[in-house]
Amino acid sequence: MRRQLANALLFQIGWFVCVLGGNSPWLLIAAGVLCVHLLWISSWQAEGKLLISVTLVGTLLDSALQTLGVFDFDSGGPLIPLWLILLWAVLATTLNHCLAWTAKPWWRASLLGAIGGPLSYYAGSQMAGVHLPLGVWPSLLLLGLIWAVLFPLLQGLAYFLHPTYRLYE
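Under our numbering, the residue at position 30 of the sequence shown is numbered 1444, and the numbers go up by one with no gaps.
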């Protein structure tokens, strides 16, 4: 239980540092969050593939959404900013830990994704100056649909990559 609470706290620290710090030296704190997670809560051997996989999936998804005009970071490149890429890695640390309870039944992950995903993007848009060119409500509805499907898939990926590592079982 203490490790799950520590994981949740580390995630919140990482989220705020990424969103508020942007592409600045503050990202070193988020990298530190990943290191603490891998040293104290888990290990690279247990979750390295998951962290890389979720980071790649998230980077590709958000980069595609940026290209489609769902959000705009003023970065000018085809990829999302480094702070958001790192945020995907920080999110990956929660799948087998503080958010493991969402994996079964699948609808828990879907419900959390449908609500938490868009709220996270909305908060990020307000705090990090991310633009939502489609408008707030159309963007949130679209992101809610995407995350209602995406989060159960991420939980499935976490299980696939390490089926015996689940803390909730």
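Glycine included, every Cβ here is placed at the ideal spot set by N, Cα and C.
CB of residue i within 9 angstroms of CB of residue j, strictly
i, j, result
"S1524", "V1471", "no"
"V1484", "V1447", "no"
"Q1569", "W1520", "yes"
"H1511", "S1467", "no"
Expected contact under 8 angstroms - CB spacing of residue i and residue j to nearest Å
i, j, result
"T1507", "N1421", "6 angstroms"
"L1509", "A1572", "4 angstroms"
"L1493", "T1473", "7 angstroms"
"L1441", "L1498", "Rounded, the Cβ-Cβ distance is 11 angstroms, inconsistent with contact."
"L1557", "Y1535", "5 angstroms"
Of the residues the options, the one placed nearest residue i, counting alpha carbons only
i, options, result
"P1547", "L1498, F1487, L1533 and R1416", "F1487"
"V1450", "T1469, I1427, I1466 and A1528", "I1427"
"V1433", "G1543, W1561 and S1553", "G1543"
"A1445", "P1519, S1457, S1456 and V1431", "V1431"
"T1516", "S1489, P1566 and V1550", "P1566"
"M1541", "I1443, G1435 and F1425", "G1435"
Same chain only: Cβ atoms within 8 angstroms of residue i, ignoring 5 sequence neighbours per side
i, result
"L1559", "A1528"
"W1454", "R1417 and A1420"
"A1537", "V1433"
"W1561", "G1527, A1528, G1530, G1531 and P1532"
Close-in-space but distant-in-sequence residues of the same chain around residue i (CB under 7 angstroms, 5 per side omitted)
i, result
"K1463", "L1575"
"M1415", "none"
"W1429", "L1501 and V1504"
"S1477", "P1492, L1493 and I1494"
Sequence-distant residues of the same chain with beta carbon closer than 6 angstroms to residue i, five excluded per side
i, result
"H1545", "D1486"
"L1465", "A1503 and A1506"
"I1443", "V1431"
field: Minimum length 3: unbroken beta strand (DSSP E) runs contained in the segment 1514-1578
entry: none
- prompt: What alpha helix (DSSP H) runs, 4 residues minimum, are completely inside the segment 1462-1521?
  reply: 1496-1506
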